[in-house]
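Residue numbers (the UniProt record's numbering): 1 to 938. Quick reminder that beta carbons are idealized off the backbone N, C-alpha and C, glycines included. Every value quoted in this text rests on a predicted model; they were computed, and no experiment measured them. Heads up: the structure comes next, in structure tokens.
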Amino acid sequence: MATKSKKPEIIADDAPINTQDQIYIKGARVHNLKNVSVGIPRNKLVVVTGVSGSGKSSLTMDTLYAEGQRRYAESLSAYARQFLMRMNKPDVDYIKGICPAIAIEQKVITRTPRSTVGSMTELYDYLRLLFARIGKTYSPISGELVKKHEVSDVTDYIKNLPAGTRIQILVAFRRHAKREVKEELQILMQKGFSRLYGKEKEGGKLLRIEELLEEKKPALPKETYLLIDRLVAKDFEEDDLHRIADSVQTAFYESEGDCLVETDGSDIQHFSNRFELDGLQFEEPVPNLFSFNNPYGACPVCEGFGQTLGIDADLVIPDKRLSVFEGAIAPWRGEKMGEYKEALIKAARKFNFPIHKPVTDLTEDQYNLLWTGNEHFYGLNEFFKMVEQNLYKVQYRVLQSRYRGRTTCPECGGGRLRKEALYIKINGYNIAQLVEMPVENLYGWFNQLQLNEYDQQVGKRILLEIHHRVKTLLDVGLGYLTLNRVANTLSGGESQRIQLTRSLGSNLTNSMYILDEPSIGLHARDTHRLIGVLKELRDLGNTVVVVEHDEQMMEEADYIIDMGPLASHLGGEVIFAGDYPSILTDSKSLTGKYLSGQLTIEPPVRTRKWKKSITLEGCKQNNLKNIDVDFPLEVLCVVSGVSGSGKTTLVKQILYPSLMKLKGEFAERVGQHRALKGALDDITQIEMIDQNPIGKSSRSNPVTYIKAYDEIRDLFSRQPLSKMRGFQPKHFSFNVDGGRCDACKGEGEVIVEMQFLADVHLQCESCGGRKFKDEVLEVTYKGKNIYDVLEMGVDEALDFFKDEKDVVNKIRPLSDVGLGYVKLGQSSDTLSGGEAQRVKLASFLGKGKAQGHILFIFDEPTTGLHFHDIKKLLGSFNALIDQGHSVLVIEHNTDVIKSADWVIDLGPEGGAGGGQLLYAGLPEGLKKVKESYTGQYL
């Protein structure tokens, strides 16, 4: 089909565009956008909303940000541009008034275990600088402050002596091991020294080196010093001070760091320019000493990771609910090794050790005693040392391997730094102690920091930067995190809000920030604080464009753009652009109808009653306060609470691994709790449906994940042209050689590695990005080849394949969970966390009933969903429950909480102020709980 060539757009449009006030996009056609033209007001907070797949990201990320990035690339040197010139221009007529663009996406941007919250926010870099500049070094032996004397310290001391004081600058006379005294004296003569000073009981006497050399065997007093200089204290002139400084410098040089000042023949004052005390040599504080990514500062044992391979305490004492007497210590259970346990039990009364108390209830000192031992019994450390000495015997090798695992580094205690760095403190705290504090406590510590005037002047600018960043972390609702939290354990929303902190710290102006759902993972209570941060960014003179579904965010926005009307090929138009009051009365806007209450997500008329449940008792992991929780089965159960209140700890660190271990499956470490009881036999399988990517390979996509691609490949291999050419289903796969493009191996793009910028993805020139060889693409079904099919949206494909029941049945669940807009062949790594999670849900919905009773655990499944799609998602949950399964959801969304059959609310605060069970029951009862923030927002 011949396409009509587009006329180049003439800029002189009917209405002149004022680019001072707005960024104007004309004729955007990226993905499903239908020739969209829209103005975005500058220096305002703009929310772009609409159902999932309506074209929000196409407009913001793929058009606006892509063009901003491309124009930046054009400003680079010709050398850099030779790699970048092929950065494709988005399909848009023109964009006027665009400013430099910064995209803050909702991806966990780092996978390395070296990256932490502190390094991502740059807070740790400022802390390193602060400790290097104003940190004081204390000796671990005496606890005294370690000082190093400069030349100026000695001259100041001499300057302040009373006039008339006789002063001698001395250093100890040292003899080289292989030299005679005479030889030593000759060397001193050659260096230009002429006198020694011998100390005796009633004073001292000067000895001339020349005279001593004339003696056959010169005899020296017991205490002999080399005299550097003599003077009498007075009101010193400038020249005198230069002479004193020279003499002191010579003394430090000759003695390798010592200088003695004797006054009036009796009192000797000792100065040292070596950084040492108590016989220890200390490191001078420099920023790299505090860096665990630098070999100079990293702990030599764990190389800055904070963990090593060693004896894993959780494997040694697997069940902390048992006492020592009941056999809590696993390696001491047998007959032979049981002797160690017997020795402890017999000796326990001598030092008051409670052998009948569960290990979890022991005090820290009592628990440590099990490892260190004392004169009455061998501790676990000694026991494993003995095992190590006997590794030539096979049974000891087996014993050791059974208890090895990742464990806190014994050298740095998980602090990641060499011990010399931890001797340096500010107000009694070293840097490792500060990064272990939750951010909210750290904020309090910095507010109460008392410094002397000198330190205040030196640290003023650094403290300002630290204060600003810590406050922003609090404002974006991350006060419960610690700075040493490893970055790859953060959720997408947390990671995004950390990047936001870094952007705010850089104080840029006249830029455009594009954020992808920053409110993800935030409780309604914290969203308004986040809005405050975004407004602060706007007030600096930036344009803030937010892709968002949150009602609060829309209410506070200066301008709203609603995309729609529906998803995929039925979307891609601007339905509404204006302020919040106007959208409420707009008849076309689906978002407006939900906001004004014309359309609502109705809670179920009646909640399901439950008969069976599983119960966790005595949950104590992280901030949980020894709580007992019932999880009902065969209903929709929601766990809610503010960010950091303990929801993830309860469900993902205790419940899920406990159930997995019970079923004999592999699981992470089980968090601390007393017992797991209830209808455990009723559950045949546990599925954690989280937001991790569905595939590691860039060739993985939704249709391969839900196993629908097999049916499509079979269909294409049955076409007449395939049979003539001998094509089998494998020829339509991009994972094996045969039909796929040989140049890009079925990727459709080639990656150019840039040394100094992010890698650039370029379309494969051989296949034009179509992934397959030309002869394979000539095979068609209803006029479409395999590449065209992979480019279809799910809803479009349902229509296209309506005659092929097998294909339709496989892909329909994707539409049911609200992913009708996703392309069948869309690469997994371009799916958001929420989309990946819903693809996993679809794969289960597609399997039907014959699966036993599965407990599904969802972690914030409404991520990235419009009100309209949440309705669909709740339908999918009900479908799972109707199939006889149980659904447990961690969620902040009030519509989901209202629709639950049972709500478990934790709180009241995040971090140390949380971890209590505030409420468990029907959703309407939660409104009456005064302490619950969730109740207030219902």
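Assign residue i to one of three DSSP states: helix, strand, or coil.
i           : result
residue 935 : helix
residue 467 : helix
residue 493 : helix
residue 499 : helix
residue 445 : helix
residue 2   : Reliability fails at residue 2, whose pLDDT of 44 lies under 50, so the model's placement of it is uncertain and the value that follows must be treated cautiously. If DSSP states are grouped into helix, strand and coil, residue 2 belongs with coil.
residue 384 : helix
residue 18  : coil
residue 926 : helix
residue 225 : strand
residue 942 : With the chain covering 1 to 938 only, the question about residue 942 has no answer from this structure.
residue 47  : strand
residue 166 : strand
Closest by CA to residue i, which one among the options?
i           : options            : result
residue 194 : 579, 208, 538, 542 : 208
residue 904 : 911, 884, 927      : 927
residue 180 : 164, 220, 192, 156 : 220
residue 275 : 914, 148, 307, 121 : 148
residue 826 : 650, 803, 568      : 568
residue 218 : 896, 196, 122      : 196
residue 700 : 839, 239, 653, 780 : 839
residue 571 : 649, 793, 754, 874 : 793
residue 844 : 801, 748, 707      : 707
residue 473 : 453, 494, 461      : 494
residue 66  : 92, 79, 245        : 92
residue 75  : 396, 58, 100, 63   : 100
residue 916 : 420, 433, 628, 608 : 628
residue 96  : 265, 79, 21        : 21
residue 836 : 851, 812, 862      : 862
Leaving out the 5 sequence neighbours to the left and right, which residues in its chain are closer than 7 angstroms to residue i when beta-carbon positions are compared?
i           : result
residue 293 : 114, 304
residue 2   : Confidence at residue 2 is low in this model, with a pLDDT of 44, below 50, so the placement of that residue is unreliable and no value is reported for it.
residue 467 : 446
residue 168 : 197, 227, 230, 262
Leaving out five residues before and five after residue i in sequence, what residues of the same chain have Cβ atoms less than 6 angstroms from its Cβ?
i           : result
residue 411 : 299, 301
residue 796 : 569
residue 465 : 126
residue 730 : 736, 738
How would you label residue i, buried or exposed, when you count the other beta carbons within 10 angstroms and need 16 or more for buried?
i           : result
residue 351 : exposed
residue 398 : exposed
residue 519 : buried
residue 56  : buried
residue 541 : exposed
residue 46  : buried
residue 130 : buried
residue 273 : buried
residue 120 : buried
residue 112 : exposed
residue 554 : buried
residue 675 : exposed
residue 901 : buried
residue 392 : exposed
residue 430 : buried
residue 896 : buried
residue 356 : exposed
Ordered along the chain, which non-local residues of its own chain (more than five positions away) have a Cβ less than 8 angstroms from that of residue i?
i           : result
residue 379 : 369, 370, 371, 372, 373
residue 576 : 560, 561, 562, 582, 583, 586, 588, 589, 591, 592
residue 666 : 660
residue 600 : 594
Report yes if the CB atom of residue i is closer than 7 angstroms to the CB atom of residue j, and no otherwise.
i           : j           : result
residue 513 : residue 44  : no
residue 646 : residue 624 : yes
residue 891 : residue 860 : yes
residue 482 : residue 438 : yes
residue 98  : residue 23  : yes
residue 484 : residue 436 : yes
residue 525 : residue 919 : no
I'd like to know whether the C-beta of residue i is nearer than 7 angstroms to at least one C-beta of chain D.
i           : result
residue 432 : This model lacks chain D altogether, as it is built from one protein chain only.
Is it the case that the CB of residue i approaches a heavy atom of the ligand NAP more closely than 6 angstroms?
i           : result
residue 574 : This structure lacks the ligand NAP, and indeed carries no ligand of any kind.
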